[in-house]
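Worksheet for the structure shown next.
Numbering (our numbering), first residue to last: -19 to 142.
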């Protein structure tokens, strides 16, 4: 299971806390809940822990042979709407999501052109994700917000770290 992280700087707070915690998901929720209670005055309980689970992000962008990488290229001048649609999708798909991480990049030389890179453990996981009704809904929204996206479906062959 991938290591996850929670960064206090991304959470609404008056404390301006700079704490970042990393670990396996269950251990991370335990440590983050203890920190939230001790440092931020929160009350431990299901609501706090659900919020912490929702705030978890992959600790690093791991990529390895056998994984499946989807690249979605699109044009839009409505990026805020695109990001809102993606947040709606995340909420709607919930635990059925098989995507591990995504990166959205803007083309420096062609304003309005973007690429989103989405990693899945393997091709079958990506297809389960694609067949989910929440994915159908975001695909419809994407075509309203952005030009017809182009999908590149890539099997990771090799990863080299520099």
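Ideal Cβ placement from N, Cα and C applies to all residues, glycine included.
Helix, strand or coil at residue 102 according to DSSP, with G and I counted as helix: Along the chain shown, read from residue 1 onward, the residue named residue 102 stands at position 122. Note: residue 102 maps to coil in three-state DSSP.
Residues bridged to residue 85 (per DSSP): Taking the first residue of the chain shown as position 1, residue 85 is located at position 105. The partner list for residue 85 (beta bridge, DSSP) reads 95.
Which of helix, strand or coil DSSP assigns to residue 55: As a first step, residue 55 is located in the chain shown; it is residue number 75 there, counting from the start. Looking at residue 55 - three-state DSSP - the assignment turns out to be strand.
Secondary structure of residue -16, DSSP reduced to three states: Position 4 of the chain shown, counting from 1, holds the residue named residue -16. In the structure shown, residue -16 sits in a strand (DSSP, three-state: E or B).
Inter-stretch contact (C-beta, 8 Å, three-pair minimum) for the stretch 79 to 89 and the stretch 14 to 26: no
Environment of residue 12 [buried if 16+ CB atoms lie within 10 Å]: For the purposes of this step, residue 12 is taken as the residue at position 32 of the chain shown. Flag for residue 12 reads buried.
Beta-bridge partners of residue 135, as assigned by DSSP: Start at 1 with the first residue of the chain shown, and residue 135 comes out as number 155. According to DSSP, residue 135 bridges with 48.
Buried/exposed call for residue 130, threshold 16 Cβ in 10 Å: As a first step, residue 130 must be located in the chain shown, where it is residue number 150. Flag for residue 130 reads exposed.
Buried versus exposed, by CB contacts within 10 Å (16 or more), residue 23: Taking the first residue of the chain shown as 1, we reach residue 23 at position 43. Result: exposed.
Distance, residue 52 Cα to residue 95 Cα: For the purposes of this step, residue 95 is taken as the residue at position 115 of the chain shown. For the purposes of this step, residue 52 is taken as the residue at position 72 of the chain shown. Each residue's Cα considered, the two are about 5 Å apart.
Proximity to residue 178 [Cα-Cα], best of -6, 39 and 34: The first residue shown for the chain is -19 and the last is 142, placing residue 178 beyond what the model contains.
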